[in-house]
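Each residue of the sequence shown is one higher than the one before, counting from 1 in full-length UniProt numbering.
For each residue, glycine too, the CB sits at the ideal point set by N, CA and C.
Small disclaimer: the values here were computed from a predicted structure and weren't measured.
The next block holds one structure in the form of structure tokens; read it before the comments.
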Amino acid sequence: MTAVLYGAPDVVWYEPGAISVATSGLIALTTGASVLFAILDDGAPARNNVQEKGANFDTMERKAASEDREQASSMRSNSVSGRARLVFLKKLNVHPEKCRAVQFSPEKLPSRERVALLLEPSTVKVIDYPTMEVIWNEEFPSTAPIKAIRFLNDRPQCLALGFASADLIVVNLANKKVQKSGRLLVKNVQEELQDMDVSNGQAVLGCSKGTAAVVDLHTWKVLVKCKVSGQIRAVKWNPTGDVAAVMAVGEKGPLFISDTSQQANSYIVPLCGKATRVPYTDKALQSVSVCWIEDKIVVSVPSGTLCFGKFKGKNTKLEPIHQELLSKSICALCPVAPNIVLTSGIDRVLALWDLTAERQTLLRCHAGLAGFVYNMAFHPAGTGVLGIATGNGSVLLAKTDQGTLEQVGKHLQLRSRVYSIAWHPTNEMQLAVGTQDGEVLVFDVSPHKTNVSRFRTNKRVGVGSIVFASLPLVSEWPLLLATDGTHAYFSKEKEEVLRKFNSMVPGIENHKIGCVSHVPQKNLILFGTYQGKLIALDSSSLRIAAETRIEKHAVTGLCSRFGDGQPSQPVEPKYRITDHSCTAFCWNPYDENVFAIGGNKGEVKLWNLRSGSLQRVFHGVAGNKTILAMCWSPIAENRVYLGTNGNTLYQLDMDECEDKESTNCSTEVDLIAHKIASTRSGSAKSSKKASLFSSSSNSENIPKAEALEDLLVLLSCEENGNFSPLKNKPHMGFFHTDLIQNTLTNEAEQHCVKMNNDLALQVLLTGGNIRETVEFAKERKQLDQKLVTLSVFVSKEYFDETVSALIDQNKESDILSVLPLMVATGRTEELLQLLCARNFHKEAAAVGLTTLTRDHPAVKNVYTSWASRYIEAAQYERAARCYLAAEEKEKVVDVLTLYHDAGSASTAAICAKRFGLPSELLLLKAVRNLLASVESLPWLSRLAEEFKVTALDGLSTLAQAVRSFYQNTKPSEELSGEPFLVPVESLDKLIKPCLPLFTQDDLEFVNKLLEGVPLIRTTDELQMLIVLEIAASLISNGAISEEAKVRISQRVAQFDSGKCMHFVMAMLYKASPNE
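This is the structure in structure tokens:
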């Protein structure tokens, strides 16, 4: 049987949020189907519980909140320290709808705040906080979606609604009537309104095709209309309402519109190039925002960077704040206190920023709102260890063999989201993860191992899928395969950049690869594409073996099960499940016909592939969260683990469900906790420490009859003196000396199978035999510093032997951990070779210089290896520095000549002279390059002083005169019809002062320069040739001869008469007597 599952999620994970702040300091934030109300706390004790409320506004609990207002007002008036944090007061649940925008009214009401909510698709609700009383509720047609809502500051009871069609409606909440309406006429009918802001009776509108306009809300006249090249995402008035800032995706910087009442004045303030880069190819993820803090402006760009500066009109300078967030695209900015800005990312990451004049820094980041569990993978050896990739940048390992989740450790904490995870198939201690920044990290999960290998793609795009696979044509070892939604990549030893499959697999370059899977038993690699295709690649020949027909959904996940048959060409879909939200799926490892599907409402469905029917449904086993990852346990037949979009993991025990459609059979696990803790009721934790002998402890539960039999066997053994009948009963080993060592060894092996190496060694040490414990660790390559220390108590010789074993164990994987041991044991030369092979040249140089002499051959080899590394990176000046330290003088000169600039050529000539090497040709090459360079004076003076050549000073002055004459006679664009500009002073007079700078002895040197002039390619090289021709003529004739002028004219004509003929015309020009 051959079957492949692939699915297309129907949920957009990244949703823009909104932030609004009331005059009292109350903050409202939208997070999908919820609205959070919070205040800013400067560190004083406050309530931080979030109260859950239902979706029915009318039946919500009503209670006064005067103390909330007073507390918020006092906090806003005080200065906010670096301990500032958000304190959540209430959570409003609007499920199943989603809240797209929130806006507080500027109207001052007693003991309450009025807030407007925009619910998807076109429903507007106005409520009073904290009573949650609905003031106005209106549902508009879905064909007219609303994009923005704003209260008018000059009419606080009026709410402005901006529709996608660029229609504006002003609603008076006092009488619930539409007061006025108008429309912005745009040339392109497909252009939609994206954002809107109102101030002082004027509205600034931003549209999808780059149109920005200012409309008078009293007369409904368009006062200003501007156009930018990108898609406008955010607009904002300054506090005084006379300057509007507009941010567009793909634009160089924000657009400012001012003086709207009299004469329009608009201009763009450019940002630095790095700040304007776009990290996402999907336009829906490219988000920008803008806000004002008094007279200062803050903008966010698609890369997630904030830019900040004081507004000074066209002289405004916005400097980026170089501090990264987990969120790579900020969609909302809002000042919540003096110089404090709250930001919200497209993945709901909240951050507080301190933007005072003295410092601009990140105060606090609330990453919990974006704590997605993106991927999970079980250890391939069946140990029950589950690797978890999370959205807050952590990689967790959890034990599942005890029936509940217990955290082994947090092995990585990154500054970007972790999208994918995969175990190495043969090296079972290696785990690979793919990150949001386009990196793949491979690290060892063994205790005390800190080495991490990093691979990256050329594009800094998230790696959504990774797997280890065998490619015999590339390497005999399993390689790492990765996809980023555009290309498929594979790793290569000792290379940090992942290579593309395009050059190796014909026909794959036209596909956008979204996911990858490996089928080792069939030598197949499966690729899912965003065009809806499934491609099967033969890993032995690297040729496409089969592919699906085109589907209408992108393939974003793969899960396969193969029998004896071969895939057909083309692959035909057998079943289509269209009535279910498929966001995650997995096969049942115990039944090849059963697979599970998870959706966006926390439900799981079991399907039978043979019958094509729904077998079982589990409703709400993940709450109301979306299931993003699923793994069927390899050690428990009826257990499935579910990763969600709420920083939680669920353990679904299907055998505990009473009926076919069940809900109460799952255990929720909070991944934010320091240790993973189960929340199933009735499972209180015991304060008792777990036993080191877990396997033998389980044997204590044997039946009474068997225990009595064990007692009789032990009695017989005591009488006979032969305890061999008890060797197969580990729990009986604690009752005699001859049995205990075998019991300890068995227990240690059990711990090793479960990856508890520390416990295994502790078990062996309870026997008191240090030598046997060390030998046990040697066999499994698990030696550490503690065991090396204990080996001292055996003997000095055994200590030296253990140190040597630890070095041999770690020198390939973690050389830095054994660096001091290798130095102390006299293995310095071997250490230097290993450090250089791993590109730790600085460490190697430090060790070599402190333990050996600089002229030692091993130290010279360090610098030679370092130089080779720099040559590979095309950093030749640094390579020359290393060769100089290694006393390789000829290589210093050779490597500098790899550069083609004048400075490097001059340096090579000076080095050759000081080393006593032939330097004449290098000097001539350097002088020619300098004469063709604009900044030649300092280097020519240095060469003249070094080589005692007097002609160089004259050539430098002459070159400046020729360049000046060339520029002064070059016609401008306005005079394109003129052949040249009439020189103020003829060339003969201009260069006459240069004649005393030369002597007859300089003629030979100038002729050598002329003889070796290479083929002229640029205008600067042509000017260099002209300088040499003039210099030779000056020295020989005392002026420019006619023969020299003819040669110059011929050279100019050979090069490009259109560009440089003006020089010849001006050179030959002679003023008439009347002039």
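- When DSSP states are grouped into helix, strand and coil, Asp1002 belongs to the helix group.
- Rounded to whole angstroms, the gap between the alpha carbons of Ala1032 and Thr957 is 14 angstroms.
- In this structure Ser34 does not touch Lys108 by the C-beta definition: roughly 27 angstroms separates them, more than the 8 angstroms allowed.
- For Ile321, the uninterrupted beta strand (DSSP E) segment begins and ends at Glu319 to Ile321.
- Your pair Leu1009 and Leu1028 checks out as a contact, with CB atoms roughly 5 angstroms apart and the cut at 8 angstroms.
- Between the alpha carbons of Asn861 and Gln436 lies a gap of roughly 39 angstroms.
- DSSP places Asn265 within a strand segment (E or B) once states are collapsed to three.
- Just so you know, the alpha carbons of Tyr870 and Ala164 end up roughly 56 angstroms apart.
- The beta carbons of Arg233 and Val249 sit closer together than 8 angstroms.
- Inter-residue distance for Val1052 and Val1046 is about 10 angstroms (C-alpha atoms, whole angstroms).
- If you look at Asp197, you'll find it in the beta strand (DSSP E) that goes Leu193 to Ser199.
- Beta-bridge annotation (DSSP): Gly438 is not paired with any residue.
- Of the candidates Gly557, Leu896 and Ala166, Gly557 places its Cα closest to the Cα of Cys582.
- With a cutoff of 8 angstroms on beta-carbon distance, Leu217 and Gln194 are scored as not near each other.
- The residues Ala909, Ala912 and Lys913, in chain order, have a CB closer than 7 angstroms to that of Ser919 in the same chain once the five nearest residues on each side in sequence are set aside.
- Take Asp1020, set aside five residues on each side of it, and the residues of its chain with a beta-carbon closer than 6 angstroms to its own are Ala932, in chain order.
- Residue environment: Lys312 is assigned as exposed (fewer than 16 neighbouring CB atoms within 10 Å of its CB, all protein chains considered).
- In terms of Cα proximity to Lys147, the closest of Ala160, Asn153 and Pro156 is Ala160.
- Of all alpha-carbon atoms in Val385, Thr361, Ala873 and Gly623, the one lying nearest the alpha-carbon of Val604 is that of Gly623.
- If you compare the alpha carbons of Phe618, Lys625 and Ala596 with that of Gly612, the shortest gap goes to Ala596.
- In the three-state scheme derived from DSSP, where H, G and I count as helix and E and B as strand, Ile525 is classed as strand.
- With contact defined as three or more Cβ pairs closer than 8 angstroms, the region 454 to 468 and the region 508 to 520 are in contact.
- Within the region 931 to 987, the alpha helix (DSSP H) runs of at least 4 residues that lie entirely inside it are, in chain order, 937 to 947 and 951 to 968.
- By a beta-carbon distance limit of 8 angstroms, Leu318 contacts Ile297. Their separation comes to about 7 angstroms.
- Tyr650 is bridged by DSSP to Leu642 and Glu668.
- Around the Cβ of Asn645, a 10 Å sphere holds 16 or more other Cβ atoms; the residue is buried.
- In the three-state DSSP reduction, Tyr489 falls in the strand class (E or B).
- Within the DSSP bridge table, the entry for Ala148 names Gly162 as partners.
- The residue from Leu806, Met1065 and Val640 with its alpha-carbon nearest to that of Lys786 is Leu806.
- For Val788, the CB contacts under 7 angstroms within the same chain, skipping 5 residues up- and downstream, are Thr802, Val803 and Leu806 in chain order.
- Separation of Pro110 and Phe104 (C-alpha to C-alpha, rounded to the nearest whole angstrom) is 15 angstroms.
- Val452 and Asp444 have their C-alpha atoms spaced approximately 7 angstroms apart.
- Ala886 sits close to Tyr863, with the two beta carbons spaced by under 8 angstroms.
- Beta-bridge annotation (DSSP): Cys307 is paired with Val299 and Pro320.
- Less than 8 angstroms separates the beta-carbon of Met247 from that of Ser289.
- Residue state for Met504 is assigned as coil, using DSSP reduced to three classes.
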